[in-house]
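Asker: Mind the numbering: the sequence shown is residues -19 to -1, 1 to 440 in mature numbering (1 follows the signal peptide of the UniProt record, and there is no 0), read in order. Glycine included, every Cβ here is placed at the ideal spot set by N, Cα and C. Just so we're clear, the structure is a prediction, and the values are computed from it rather than from any experiment.
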Amino acid sequence: MMRRSLSASIAAFAFAGSAAVMGLAAQGCGAAEQKVEYPQGDAGGPVQTGGGAQVGVAEPGPPGESSGLTGAARDAYDRGWKAWLSGDLPGAKAAFKEALEKAPSSHAAHFSLGTVMDRLGDNAGAQQEFRAAFSAKSDYEPAICAYALSLARNGSTGEANTFITDKQQKMAKSPRILTCAADVKSLANDSAAAQQAAQDALRIDPDYKDAMVAIARDHYRAHRTELAKYALQAILDGFGDSSPPRDRDNAEAHLLRGLILREQGQRQPAMADFQAAVNKRPDMVEALIQLGAMKLEAGNVGEALPLLEGAVRFGPNNALAHLNLGDAYRLSGRPQDAKKEFDTALSQDSSLAVAHYDLGLLYLFSPNVPGTSADTQVATAIKEFETYRSMRGAKAPPGKDDDVDELLSRAKAKQAEMKNAAATAASASAAPAKGAPPAGPQPVSPQPQPAPAPPPKKK
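(1) Please work out which residues of its chain come closer than 6 Å, Cβ to Cβ, to Asn349, disregarding the five sequence neighbours upstream and downstream, and give them in chain order.
(2) Please list the terminal residues of the continuous alpha helix (DSSP H) segment that includes Pro123.
(3) Going by the beta-carbon positions, is the gap between Ala124 and Phe111 smaller than 8 Å?
(4) Just how far apart, CA to CA, sit Lys74 and Asp171?
(5) Consult DSSP for Glu365 and reduce its assignment to one of helix, strand or coil.
(6) Where do the ends of the alpha helix (DSSP H) carrying Leu345 lie?
(7) By alpha-carbon positions, which one of Gly102, Ala129, Ser86, Gln271 ends up nearest to Ser116?
(8) Short of 6 Å in beta carbon distance, which residues of its chain neighbour Leu159, apart from the five on each side in sequence? Order them along the chain.
(9) Since I believe Ala114 is in contact with Tyr121 (beta carbons under 8 Å), could you give me their beta-carbon distance rounded to a whole number of angstroms?
(10) Please report the straight-line C-alpha distance between residue 492 and His337, rounded to a whole angstrom.
(11) Taking all protein chains shown into account, decide if Asn401 is buried (16 or more other Cβ within 10 angstroms of its Cβ) or exposed.
(12) Give me, in chain order, the residues of the same chain whose beta-carbon lies closer than 7 Å to that of Ala(-8); leave out the 5 immediate sequence neighbours on both sides.
(13) Do three or more CB pairs link the segment 237 to 248 to the segment 48 to 60 at distances below 8 Å?
(14) Check whether the Cβ atoms of Gly296 and Pro263 lie closer than 8 Å to each other.
(15) Let me know the secondary structure DSSP gives Thr353 once reduced to three states.
(16) Please go through the same chain and pick out, in chain order, the residues whose beta-carbon is closer than 6 Å to the beta-carbon of Ala195, but skip the five residues on each side of it.
(17) Tell me which residues share the same chain as Lys154 and place their Cβ nearer than 8 Å to its Cβ, disregarding the 5 neighbours each side in the sequence.
(18) Is Leu288 near Asp308, with beta carbons less than 8 Å apart?
(19) Determine whether the beta carbon atoms of Ala355 and Gln396 lie at a separation below 8 Å.
(20) Where does Pro41 land, buried or exposed, given buried means 16+ other C-beta within 10 angstroms?
(21) Let me see if you follow: with CB-CB separation under 8 Å, is Asp59 close to chain D or not?
(22) Please return the same chain residues whose Cβ sits closer than 6 Å to the Cβ of Met(-19), not counting the five positions on each side in sequence.
(23) Look at the alpha carbon of Gln150 and the alpha carbon of Asn142, and state the distance between them as a whole number of angstroms.
(24) In angstroms with no decimal places, state the Cα-to-Cα distance between Ala319 and Glu387.
(25) Would you mind stating whether Ala258 and Ala268 have Cβ atoms separated by less than 8 Å?
(26) For Tyr189 and Tyr201, I'd like the C-alpha separation in whole angstroms.
(27) Starting from Thr325, trace the alpha helix (DSSP H) in both directions and tell me its first and last residue.
(28) Please work out which residues of its chain come closer than 6 Å, Cβ to Cβ, to Gly95, disregarding the five sequence neighbours upstream and downstream, and give them in chain order.
(29) So, with DSSP's three-state summary, where would you put Asp383?
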């Protein structure tokens, strides 16, 4: 029964060969908290990671795609690309802007600037650049897809669907546009339409890997986990000599399978998939977060730290990247850096309850938080734990238990000990020392007088 039901979704995989990866990546579309176990008696906090495979944020077009750019405009564009590769998004943005100043009608420069602005959290600015790109070149598919998916990811699924449906009718033979339509419809929870669009793309080009990933991603989003795993096996592993893997190094497929394996408790295979995704796409923010979080769970802070720093470089507007980096800094003994990352995470997403939990850990267990006294640290820890408990509810959700009540008891006991110690010290300083004379002026002791001489004896 299972194999028959799968055949309709991935029958078009049968003739798939090799093809270029579309290269779209984005933030997850959900969130799941995992309990973290840290070594050496440190109280671990819930690590929060994205709950859906990335889709919708493109990487800039490489220099080879900057057609029409010459001279100084080409030089600026190439500098932007190099800055992007190093994770210097502000530098990439400045360079792509410079390229546009010298070549205002360059569709490639508009698109690449849009991708950087999207990562920086400027959704309106990014969408404007994507529109400028496909206005300059009406059939420029990367910008068309990026614009539609940006709308869908940011809540305008109706507008995104209307836009991509219009493009789909005008570009009916484009597997890329059909695949974008599949992702837009999947984000709008129209799974049937999403599956149909992806299958239509594969009928046009049976070798189009992104349509295969879109099918798997929609199955995952719709909680059809076994169907998603089967589709991903066709892409990454194949089914023997008669059906080899379609795209063994597909970064999004590795990310998606890693998410599924992690949810099923298969840690080592999940980490291998996340690592494969990062190796192929070092800018893939969700893969960096997932792999970094799992390294933290294993107590491997040294390997987690560069991964999470990379996540923040490539996703500076991603609250979960800042949250997990803050925890890595906390465990590395860098409380000031940790607090900065936690504060940034909350400024980007004030509903992120677990950030208050992590702040509580920071104040309770750090030997010294700069600018904070010992008693203030404990009081702040109590406040943060209580805020977390209030935000998550009186009881943790099923399957997501935590130890906040135990931590609160520990913090309050520590606070009571500190108050008792302070009171004892104050009392000791006020009481006279044992054997010491009482305070204040003392009467002078009279000097001993010699005994009077005896009267002379009478003769």
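Answerer: Based on what the coordinates show:
(1) none
(2) 122 to 134
(3) yes
(4) 35 Å
(5) helix
(6) 334 to 346
(7) Ser86
(8) Ala178, Asp181, Ala182
(9) 6 Å
(10) The structure shown does not extend to residue 492, since the chain spans only -19 to 440, so no value can be given for it.
(11) exposed
(12) Low confidence applies here, because Ala(-8) scores a pLDDT of 32, under 50, leaving its location unreliable; read the following figure in that light. The answer, listed in chain order, is Gln180, Leu183, Arg184, Pro187.
(13) no
(14) no
(15) coil
(16) Thr160, Ala163, Asp164, Ala179
(17) Ile185
(18) no
(19) no
(20) buried
(21) Of the chains in the structure shown, none is chain D; there is only one protein chain.
(22) In this predicted model, Met(-19) has a pLDDT of only 34, less than 50, meaning its place in the structure is not dependable enough to derive any value.
(23) 12 Å
(24) 23 Å
(25) yes
(26) 19 Å
(27) 316 to 329
(28) Ala107, Glu110, Phe111
(29) coil
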